[in-house]
Amino acid sequence: AQTVTQSQPEMSVQEAETVTLSCTYDTSESNYYLFWYKQPPSRQMILVIRQEAYKQQNATENRFSVNFQKAAKSFSLKISDSQLGDTAMYFCAFMKGNYNNNDMRFGAGTRLTVKP
Amino acid sequence: DGGITQSPKYLFRKEGQNVTLSCEQNLNHDAMYWYRQDPGQGLRLIYYSQIVNDFQKGDIAEGYSVSREKKESFPLTVTSAQKNPTAFYLCASSIFSASGTRGYTQYFGPGTRLTVL
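Chains B and G, in that order, are what the protein sequence lines are.
First residue of the first sequence? That's 103 in my numbering, and the numbers climb one at a time after it.
First residue of the second sequence? That's 1361 in my numbering, and the numbers climb one at a time after it.
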């Protein structure tokens, strides 16, 4: 079974600084997808970034970027120029790229606080 | 506006009652999902459906039931057999393929908070 581990339950960062959230996963699959989701106090899950395992290039979305290390099974999220609105729970998620299995596995989350 | 709606936002259940949580999407997505989130934890899959009239159990299906009579709708019933139903419930949907930049990506509704009295 696939597992996703987020080893940092809580983190904080000063506004305008950069922070990196860690995520590791365990799988024997070669084709899969990785995601970071943000859950602000409203509790709505919002997609931050998506990475396809077969792509070597790291995904980026504005101030958000990932460091995808396939051999190490690591998928960290970097937030640059942190803003107060980035305060949220962040969940790393894994999904097999398999037509017959659309099961997404989530980590336990990292609570990020951006301080003014 | 395309999106996923869940209702109600808050739901209170008495012991022994069945309650149904609504989930509707107008994104024309094939697949729909139900997750449960407990305080301080990640999401756990209850049920998912890849096509109309078909669905599969997730990790914690006991005490829950679903139906998928229409592509747009995937209601979840929390039965009296669910021993500890107090939680936050999230519905999601996705394109059921790897196509494009959004393939397999799940998009979530705003959630329903269920409390047992």
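Even for Gly, the Cβ is constructed at its ideal location relative to N, Cα and C.
The C-alpha of residue 1380 (chain G) lies about 44 angstroms from the C-alpha of residue 173 (chain B). Residue 1416 (chain G) is positioned such that its CB atom lies no closer than 8 angstroms to that of residue 1424 (chain G).
The straight-line gap separating the alpha-carbon atoms of residue 136 (chain B) and residue 118 (chain B) is approximately 26 angstroms. In this structure, the straight-line span from the alpha carbon of residue 1365 (chain G) to that of residue 1471 (chain G) is close to 8 angstroms.
Rounded to the nearest whole angstrom, the C-alpha separation of residue 170 (chain B) and residue 108 (chain B) is 15 angstroms. Closest in alpha carbon position to residue 1413 (chain G), among G:1477, G:1422, G:1398, G:1391, is G:1391. Against chain B, a Cβ distance below 7 angstroms from residue 1423 (chain G) picks out nothing, because the smallest value is about 19 angstroms. Sorting B:190, B:131, B:154, B:158 by C-alpha distance to the C-alpha of residue 113 (chain B) places B:190 at the top. At a C-beta separation below 7 angstroms, residue 197 (chain B) has these neighbours in chain G: 1464. Contact of residue 1467 (chain G) with chain B by beta-carbon distance below 8 angstroms involves 149. Interface residue (Cβ-Cβ distance to chain G less than 8 angstroms): residue 165 (chain B) is not classified as such. No Cβ of chain G is located within less than 8 angstroms of the beta carbon of residue 190 (chain B). When the alpha-carbon of residue 214 (chain B) is set against those of B:106, B:104, B:124, the nearest one is in B:124.
Under the three-state reduction of DSSP, residue 1398 (chain G) is assigned to coil, being neither helix nor strand. By the rule that beta-carbons nearer than 8 angstroms mark a contact, residue 210 (chain B) touches chain G. For residue 185 (chain B), the closest of B:120, B:177, B:111 by C-alpha to C-alpha distance is B:120.
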